[in-house]
Every structure is written in C-alpha cells, then in structure tokens.
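S.K.: Questions regarding the structure given below will be posed in turn.
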Amino acid sequence: MRLLIINTLPKDHPAAEKAICCLTEKASECTTFYTEDMRITPCIGCNACWLKTPGICAVKDDYEQILKAYLQYDVTLFISDTALGFVDYKMKHVIDRILPMATMYTRIENGQTRHVTRYNKEFRFGLLYAGKGNQDYLAHWMSRFCLNFHGISLGAFPIEAWEEVCACIS
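With the first letter of the sequence shown counted as 1, position 106 gets the number 106 in this note's numbering; the numbers rise by one all the way through.
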C-alpha cells in the first residue's frame, strides 16, 4: 500500500511521531507532509480551479505538492489537532484546498447532488486527531467528505488509537 500522510501537528508530537513511524513501516511507500514546514493558505473561493485553469489552483503556495500527491498514493491519512470538536483551522485549510480534484459539473446520485470527479481514482481517506474531538461527528464528516469525492472513508480516530489504525491499514 502506498500511503500519503498529511500532518498538521508539530513534528515533535509524541503520538503523531509513533503513528507515523508505525505507518511508514507498514506501507510499501510512504510520504509525509509536515504542514508546519509549509506555506498553505486558505482557499479563496475564486473557482479558478473549475473555470479558468481546470484542476489547477490559482493560489500558488506549497499546497501544489500535496494536490499532486493525492493522485499518486492509495491511501491518505490526515493527522490533525482539534478545536471545538472539529479539525483545527490548519487541517480545514488542507481539506478545503482539495477542490481542484472535482469538476464544476454535478449529477444526482442516490438523490444527492455530487460533483463529477476530475480523475478516475477512488480516494481512501482517514483521520487521526488529537485533542477533544467529537469522534462521532468527525467520523460522519469524513464519510460525507469521502462521499463528495467518490471515495472511501477509513474513519476518524483519536491519535491515541494509532496502534489500531496501524493494524487496520493494509
């Protein structure tokens, strides 16, 4: 399994370090992005990635590397802190910037409107979170997020459960 890890926690976060080490050993190939070393700005909602330069974000920063990496890996695992029971603003910026992976076109699937994907790829996303996250809400949010990108949710788990996540990733 080829694994992409996007970590918005500090590099020296003990549980994140352990999880990343274990996951790296289990994967046939693994790349980890530490966002504390990157300049990632929020989505500005300009829709250029749909209308002007399809699939290419108009915001030029370090996120371009992550956007390309989504297509190269089988599984993406997000590691994030939480605020008010949800992922913190750093991870929200990362997630919001995935918009170029979809097209502006929509279709009805199972009675719900979904954007047509830009690439023929089934994304698999999971979340490890630190802090006082609301696990039920985060798991539901991951499911909805994956549904919007025609992918599979691997769930949302407290970072303390990293050993369980390592055992489940194959």
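Where is the CB? At the ideal position from N, CA and C, for every residue including glycine. Every value quoted in this text rests on a predicted model; they were computed, and no experiment measured them.
What residues match up with residue 59 in a beta bridge as DSSP calls it?
M.R.: Bridge partners of residue 59: none, in fact.
S.K.: Starting from residue 79, trace the beta strand (DSSP E) in both directions and tell me its first and last residue.
M.R.: Residues 75-80.
S.K.: What are the boundary residues of the beta strand (DSSP E) that residue 130 is part of?
M.R.: Run containing residue 130: none; DSSP gives neither H nor E here.
S.K.: Would you say the region 103-119 touches the region 148-168, given that touching needs at least three Cβ pairs under 8 angstroms?
M.R.: Yes: the two stretches touch, three or more of their Cβ pairs being nearer than 8 angstroms.
S.K.: Would DSSP call residue 110 helix, strand or coil?
M.R.: Residue state, collapsed to three classes: coil.
S.K.: Just checking, does the region 36-48 make contact with the region 125-141 on the three C-beta pairs under 8 angstroms criterion?
M.R.: Contact between the region 36-48 and the region 125-141 is absent, because fewer than three Cβ pairs lie under 8 angstroms.
S.K.: Looking only at C-alpha atoms, which of 72, 15, 50 sits nearest to residue 121?
M.R.: The residue with the shortest Cα to Cα distance from residue 121 is 72.
S.K.: For residue 143, name the three-state secondary structure that DSSP assigns.
M.R.: Here residue 143 sits in helix by DSSP.
S.K.: Contact between the region 52-62 and the region 34-44: three or more CB pairs below 8 angstroms?
M.R.: The region 52-62 is in contact with the region 34-44.
S.K.: Would you please state the rounded distance, in angstroms, between the beta carbons of residue 75 and residue 169? I believe it to be under 8 angstroms.
M.R.: The pair is a contact, with the Cβ atoms about 7 angstroms apart (cut-off 8 angstroms).
S.K.: Hey, would you say residue 117 sits closer than 8 angstroms to residue 50, going by beta carbons?
M.R.: No, the Cβ-Cβ distance between residue 117 and residue 50 is not below 8 angstroms.
S.K.: Could you compute how far the alpha carbon of residue 124 sits from the alpha carbon of residue 24?
M.R.: Residue 124 and residue 24: Cα-Cα distance of roughly 17 angstroms.
S.K.: Around the Cβ of residue 167, are there at least 16 other Cβ atoms within 10 angstroms (buried) or fewer (exposed)?
M.R.: Residue 167 should be labelled exposed.
S.K.: Between the Cα of residue 87 and those of 40, 35, 138, 53, spot the shortest distance and give me the residue it belongs to.
M.R.: For residue 87, the nearest C-alpha among the options comes from 138.
S.K.: Please classify residue 28: is it buried, with 16 or more other beta-carbons within 10 angstroms of its beta-carbon, or exposed?
M.R.: Exposed.
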